[in-house]
Amino acid sequence: MTKKLLDKTIRLYLVFSAAVLLFTVPVFYGILKTLHLEEAEEMLMLRLQEFREQTLPTFHTADIIVWNKWNQDVKILASEPHITLPNFGNAEYLDVVEKDMEPFRTIKAPVVIDGMPFVYFARSSLLQTDDLIGSILLVYGTAILLLLIGLALFTRTYSRKLWEPFYLQLARLESYQIDKTGPLFLPETNTEEFQRLNKAIEQLVTTNKAIFKSQQEFIENAAHELQTPLAVIQTKMDNLIQTETLTGTTAASLTAIYDTLERMKHINQNLLLLSRIGCNTFSDKAQARPDLTLSEQADFLAEQAIANKVDVRYNIIEQTEVFANPYLLEVMIRNLLTNAIRYNKHGGVVRISLGNKALHISNTGKEEKLDEQRIFDRFAKDSTSISGNGLGLAIVKQIVDRHGWSIAYSYENDKTHHFVVHFQ
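Counting from 285, one number per residue, gives the positions in the sequence shown under my numbering.
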């Protein structure tokens, strides 16, 4: 399944942005958490310093009970020998109002009251800090999400405009036919890469038009220069064969030469036809009726079928119309019918059916499957056959491909060969 270049670009942006978002959110959260912990510790140290400087000088052991009763976040506790320096920690305490456990950052530091060691304890709630971090992350995530949506919309709009020259180039290349004389008009652009692409396409088209013109001229010259001497040789051979003084051996040799010459003419004609099809010489198309073409070709090949004692059976299911070059349609059907009759066996059968936008021709014949990989190649004929030049099915394949149709070969256990052309 193919995807458009623009869609791939936007998808790449979105995947990259999502990956950045997934990576930065935890990092951002960790940084905020660390900053707020440091802020809480700094505040606790300020409280400790304030207590030591302003309260401790006038504070006595008798004040401890009252102090602890009215201060929830700062208390004086019994001495703990291992606490010699301010010590930070985390703890959870019950919120009597919310009936829930809340996180706190705590500090314990040694103090001396009336010459006796005690522990200064203070705590700072982290609940508001966590709520703040959550709110910041929510705002951050929302902003990133809106940024992604905006980026996708902007990229689609801007990229479509940016790539517009490319799509115009592509559309004109798709509709351009090299056998037409009109020039290829490419869109003007101020983008350097597209300008280079325009120049490369124009050079390529110019070169190929020159090659195509030379090829056409060669085909036309070959059609004339080869056919003329062959026709002259054939005429002279006709005159020689009709000479009364010929011996039987000479006449047989001349007849063999004549048959070979006839085959050479057909090979030349078929090779020229293949070349002309490849050059798209037969570009004119119209609505055509394969059923009518079948009837005409069947009448034309009736004598060959009778000579080979082949029974031709028809099953025209419906009248079918196809958009095709009428001459090439005629050549395709004639070659398929000729192939079915020529490579059949004496007393064999050819079955022809037409319907559902498909032409099906089957024939009895050689009792083994043909090579599906080579059957439509040039000169790929049955090695045991003395007739034919191996170009008929190659021409059929060229015609089918030129019209965008399809052809398939199969062999059944009833020793029947099947060729099916789908007109769609």
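Where is the CB? At the ideal position from N, CA and C, for every residue including glycine. Note that the coordinates shown come from a computational prediction; the quantities given were computed from them, not determined experimentally.
Keeping to the same chain, check which residues put their C-beta closer than 7 angstroms to that of residue i; ignore five residues upstream and five downstream.
| i | result |
| --- | --- |
| LEU296 | none |
| ALA535 | ILE525 |
| LYS699 | THR648, GLU651 |
| ASP575 | ILE600, GLN603, THR604, LEU638 |
| GLU656 | TYR693 |
| SER609 | Correcting the residue identity first, residue 609 is Asn in this sequence and not Ser. The answer, listed in chain order, is PHE566, ASP568, LYS569. |
| ILE670 | Summary for ILE670: the model assigns pLDDT 45, below 50, so the residue's position carries little reliability, and this model does not support an answer. |
| LYS629 | THR648, GLY649 |
| PHE343 | ILE397 |
| MET521 | LEU538, ILE541, TYR542, LEU545 |
Identify every residue that forms a DSSP beta bridge with residue i.
| i | result |
| --- | --- |
| HIS320 | Partner(s): none; HIS320 has no beta bridge. |
| SER694 | HIS702 |
| PHE405 | LYS359, LYS392 |
| HIS644 | SER637, VAL704 |
| GLU376 | PRO387 |
| ILE397 | MET400 |
| ASN371 | LYS392 |
Whose C-beta lies closer than 6 angstroms to the C-beta of residue i among residues of the same chain, with five residues either side of it excluded?
| i | result |
| --- | --- |
| VAL596 | ALA589, VAL634 |
| PHE335 | none |
| TYR653 | Note that residue 653 is Lys in the sequence shown, not Tyr. Within the same chain, LYS653 has close Cβ partners TYR695. |
| ILE331 | It is Arg, not Ile, that sits at residue 331 in the sequence shown. Answer for ARG331: ALA406, listed in chain order. |
| GLY631 | LYS593 |
| TYR598 | ILE636 |
Which whole-angstrom value is the C-beta distance of residue i and residue j, which I expect to be below 8 angstroms?
| i | j | result |
| --- | --- | --- |
| GLN581 | ILE617 | 5 angstroms |
| ILE679 | LEU557 | 6 angstroms |
| PHE703 | LYS641 | Contact flag wrong, Cβ pair sits at about 15 angstroms. |
| ALA436 | LEU298 | 6 angstroms |
| GLY373 | THR345 | So it is not a contact: roughly 25 angstroms between Cβ atoms. |
| PHE496 | ILE462 | 5 angstroms |
| LEU613 | THR577 | 6 angstroms |
| VAL309 | LEU421 | 7 angstroms |
| ALA324 | SER419 | That belief does not hold up - the Cβ atoms of ALA324 and SER419 are roughly 17 angstroms apart, past 8 angstroms. |
| ASN552 | LEU585 | With 8 angstroms as the limit, ASN552 and LEU585 do not qualify as a contact, their Cβ atoms being about 22 angstroms apart. |
| LEU555 | LEU675 | 7 angstroms |
I'd like the list of long-range same chain contacts for residue i, defined as Cβ closer than 8 angstroms, with 5 residues on each side in sequence excluded.
| i | result |
| --- | --- |
| ILE367 | LYS392, ALA393, PRO394, VAL403 |
| GLN518 | TYR542, LEU545, GLU546, LYS549 |
| ASN697 | none |
| THR293 | THR439, SER443 |
| GLN453 | LEU470, PRO471, PHE478, LEU481, ASN482, ILE485 |
| SER667 | Residue placement at SER667 cannot be trusted, given a pLDDT of 45 that sits under 50; what the coordinates show is reported in the next sentence. Answer for SER667: no residue qualifies. |
| MET329 | PRO370, ILE391 |
| MET327 | SER408 |
| ALA385 | The residue asked about is misnamed: residue 385 is Met in this sequence, not Ala. These residues qualify, in order along the chain: GLU376, TYR377, LEU378, ASP379. |
| LEU457 | LEU468, ILE485 |
| LEU530 | LEU524, LEU538 |
| LEU340 | VAL395, ILE397 |
message = For the stretch 615-625 against the stretch 636-652, do three or more pairs of beta-carbon atoms, one drawn from each stretch, fall closer than 8 angstroms, so that the two count as touching?
response = yes
request  = Kindly confirm or deny that the stretch 433-449 and the stretch 395-412 touch, where touching means at least three C-beta pairs closer than 8 angstroms.
outcome  = With a cut-off of 8 angstroms, the stretch 395-412 and the stretch 433-449 do not count as touching, because too few Cβ pairs lie within range.
query = Which ranges does the beta strand (DSSP E) cover as unbroken runs of at least 3 residues, wholly within the stretch 552-628, from first to last along the chain?
reply = 570-572, 595-600, 606-608
message = Is it the case that the stretch 549-569 contacts the stretch 675-684, given that we only count it when at least three CB pairs across the two stretches are under 8 angstroms?
response = yes
inquiry  = Tell me whether the stretch 446-458 and the stretch 468-482 touch, counting them as touching only if at least three CB pairs, one residue from each stretch, are closer than 8 angstroms.
reply    = yes
key: Inter-stretch contact at 8 angstroms, needing at least 3 Cβ pairs: the stretch 354-365 / the stretch 294-314   = no
inquiry  = Which complete alpha helix (DSSP H) runs does the stretch 470-540 hold, if anything under 4 residues is left out?
reply    = 476-525
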